[in-house]
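Visitor:
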Amino acid sequence: MKKLNQITDPNDQKMPLAMKNYLLLAIGFVVIVLGMVLMAGGKSASPEDFNYGMFSFRRITLAPILIVAGFVFEIYAILKR
Numbered sequence: 282m283k284k285l286n287q288i289t290d291p292n293d294q295k296m297p298l299a300m301k302n303y304l305l306l307a308i309g310f311v312v313i314v315l316g317m318v319l320m321a322g323g324k325s326a327s328p329e330d331f332n333y334g335m336f337s338f339r340r341i342t343l344a345p346i347l348i349v350a351g352f353v354f355e356i357y358a359i360l361k362r
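Residues 282 to 362 (the working numbering) make up the sequence shown, in order.
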């Protein structure tokens, strides 16, 4: 696999975003989707039972941090040149 610095495209100077930018955008998108998947769930079996699983560390701390980090990484990927 090529390193990020070795990825070149002959049309880099003509395009507003280079190949590296698109690769970084894809990585940021995967991080955002991973955060959404980690946040999903928490449904109880019946409406009468309360499920405390929705207040787990994964859902209320880790997933939002991943989503915000993914959006910050997306901004970085767009602005990097």
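Ideal Cβ positions, reconstructed from N, Cα and C, are used throughout, including at glycine.
For Met358 versus Leu305, is the C-beta distance shorter than 7 Å?
Guide: Sequence check: residue 358 is Ala here, not Met. Yes. Within cutoff.
Visitor: Under 7 Å, do Ile313 and Ile348 count as touching if we go by C-beta distance?
Guide: Taking 7 Å as the Cβ cut-off, Ile313 and Ile348 qualify as a contacting pair.
Visitor: Contact check, Ala344 vs Leu319 under 8 Å by CB: the rounded distance?
Guide: Right, the Cβ-Cβ distance comes to about 4 Å (below 8 Å), so this counts as a contact.
Visitor: According to DSSP, simplified to helix, strand and coil, what is Lys301?
Guide: It is helical.
Visitor: Can you tell me which of the three DSSP states Met317 falls into?
Guide: If DSSP states are grouped into helix, strand and coil, Met317 belongs with the helices.
Visitor: Glu355 lies in the alpha helix (DSSP H); which residues open and close that run?
Guide: Looking at the DSSP string, the run of the alpha helix (DSSP H) that includes Glu355 is 344 to 360.
Visitor: Compute the Euclidean distance between the alpha carbons of Met317 and Leu360, then round it to the nearest angstrom.
Guide: Each residue's Cα considered, the two are about 24 Å apart.
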